[in-house]
Amino acid sequence: MLAIQEDFARKNQSALPQQIGQAASILRNGGVVAFPTETVYGLGANALDAAAVAQIFEVKRRPRFDPLIVHVSDFQQAESLVANFPANARELARCFWSGPLTLVLPKSDQVPDIVTAGLSTVAVRMPDHPVALALIRAAGVPLAAPSANPFGYISPTTADHVREQFGNSIAWILDGGACKVGIESTVISFADDPPSLLRPGGLPLKDIERIAGPVKSLLKPQTAPLCPGQLPRHYAPRTPLVLWTVGGPNPSGGRTGLLSLKPPENKDGFSAVEVLSSTGDLREAAANLFAALRRLDALSLDIIMFQPVPEDGLGLAIMDRLLRASLGGVQKEGGT
Ligand code: TXA
Ligand code: MG
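For the sequence shown, position 237 (counting from the first letter as 1) is numbered 236 according to numbering that gives the first Met the number 0, and the numbering increases by one without interruption.
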């Protein structure tokens with residue numbers, strides 16, 4: 000656990016079990032609750048109750064054709080959701096659960112269609128967060144939960160992020176401190192053989208391939224050249240976000256923010272600079288990414304520029320999120 004989570008756990012030790020009990024009872028009664036995971040905060044409802052799940056879509060303003068991840072606290076619960084658990088998927092779960100890995104598997108009849116958007120598969124994961132696991136156990140049911148942000152906006156990595164956006168529209172927000180991974184789970188589909196990567200995330204692909212063998216990537220090419228509009232906009236701040244491949248002083252005349260993996264050599268002309276890691280560490284950068292984007296987005300800047308990060312380890316997921324959050328434009332030289 001990160002220091003911040005340990006600190007949080009010490010301060011809230013006495014109140015938390017009671018809050019988890021209360022949140023669990025809301026869930027059992029068909030309500031929606033926000034809860035922490037190691038990746039991002041989730042907006043959860045009883046996955047076996049179609050009416051409860053429908054509320055998630057309403058609160059989030061999420062299109063109904065986008066399926067949800069079902070969160071479990073043990074293997075038996077995962078088994079009850081799937082019709083078939085292939086050996087390579089089972090081995091991945093054994094190695095990486097609880098953790099930032101979501102497995103897409105053939106679904107059992109137990110799972111309502113609203114959870115899977117009518118697909119014959121269901122996405123399942125066991126989160127690595129003591130509050131999430133305790134909540135699922137106390138509720139006694141698996142929890143369908145997308146990230147707790149309005150559809151298309153930056154995902155939340157603290158309870159305050161959730162409060163800022165959903166304070167009045169959800170029954171309970173469980174505060175479990177800042178998310179230690181900070182970027183959503185890696186999603187691997189076992190609908191076909193070989194398995195395929197649907198979303199890079201908190202578990203690096205090479206760790207998965209070491210256990211399950213080669214994984215097909217269904218992602219669009221993510222490296223330059225990047226055509227505007229090629230990527231569906233997602234995880235996006237309100238301020239325009241642009242990939243900036245050159246570096247140096249601010250090339251645009253306006254109030255510009257810079258999002259940088261490491262301390263930049265030249266900050267001239269930027270109104271605000273967010274550094275994701277003082278040493279360029281990709282894990283630390285992933286953990287800081289969404290909070291840094293939110294801080295820049297709160298400054299009413301004209302534009303936010305980001306510099307590419309190496310696409311290895313968690314860098315693949317960081318670049319995936321930044322490219323989807325951007326307008327798809329690449330800033331190479333002066334002017335915007
Ligand atoms: O880390 C995470 O995964 C977080 C936390 C809260 O667990 N959750 C999350 O959920 O990111 P969401 O709803 O924002 O993203 C779920 C992703 C979507 O890209 C969705 O299309 C995909 O999982 N997905 C869910 N069920 C699927 C299925 N049956 N087949 C293919 N993709 C699926
Ligand atoms: Mg999301």
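Glycine residues also receive a C-beta, built at the ideal position from the N, C-alpha and C atoms. For clarity, every value in this text was computed on a predicted model and none was experimentally measured.
Three or more beta-carbon pairs drawn from the region 36–43 and the region 148–165 are found closer than 8 Å, and the two stretches are therefore classed as touching. Secondary structure of M304 (DSSP, three-state): strand. For the options V180, P111, P129, L298, the alpha carbon positioned closest to that of A122 is the one of P111. Relative to the ligand MG, P62 has its C-beta separated by 6 Å or more from all heavy atoms. By the criterion of a C-beta distance shorter than 6 Å, V114 is surrounded in its chain by A46, V52, L67, A143, once the five residues flanking it on both sides are discounted. Cβ-Cβ distances below 7 Å link D301 to G253, R254, T255 in the same chain, with the five nearest sequence neighbours on each side left out; the list follows chain order. In this structure, G268 and P236 do not form a Cβ contact; the two beta carbons are roughly 20 Å apart against a cut-off of 8 Å. Judged by DSSP in its simplified three-state form, N45 adopts strand. The Cβ atoms of I187 and C94 lie no closer than 7 Å to each other. In the three-state DSSP reduction, V81 falls in the strand class (E or B). When DSSP reads this structure, I172 sits in a beta bridge with A33. In this structure the region 191–201 does not touch the region 287–303; the number of beta carbon pairs closer than 8 Å is below three. The beta carbon of L118 sits closer than 7 Å to the beta carbons of P66 from its chain, once the five residues preceding and following it are set aside; these are given in chain order. Along the length of the region 243–311, whole alpha helix (DSSP H) runs at least 4 residues long occupy 281–296, reported in chain order. Closest option to K179, judged by alpha-carbon separation, among H128, A133, E163, A23: H128. Neighbourhood of the ligand MG, defined by CB distance below 7 Å to any of its heavy atoms: P145, S146, N148, S154, E183, in chain order. V161 is not a Cβ neighbour of A22, given a cutoff of 7 Å. Relative to the non-hydrogen atoms of the ligand TXA, the Cβ of A86 never comes closer than 6 Å to any of them.
Annotation: the region 148–195 contains the following complete segments of the alpha helix (DSSP H) (minimum length 4 residues), in chain order: 158–165. With contacts defined by Cβ atoms closer than 7 Å, V71 and L104 do not form a contacting pair. For L102, the uninterrupted beta strand (DSSP E) segment begins and ends at 100–105. With respect to the 7 Å criterion, G201 and S184 are classified as neighbours on the basis of their beta carbons. Distance check between N148 and each of A290, G279, F84, G314 places A290 closest, using alpha-carbon atoms only. Shortest gap from the CB of V245 to any heavy atom of the ligand TXA: 6 Å or more.
Around the beta carbon of G20, fewer than 16 other beta carbons sit within 10 angstroms, so the residue counts as exposed. Between the C-alpha atoms of S325 and D296 there is a straight-line separation of about 13 Å. By the C-beta density criterion, K205 is exposed, having fewer than 16 other C-beta atoms within 10 angstroms.
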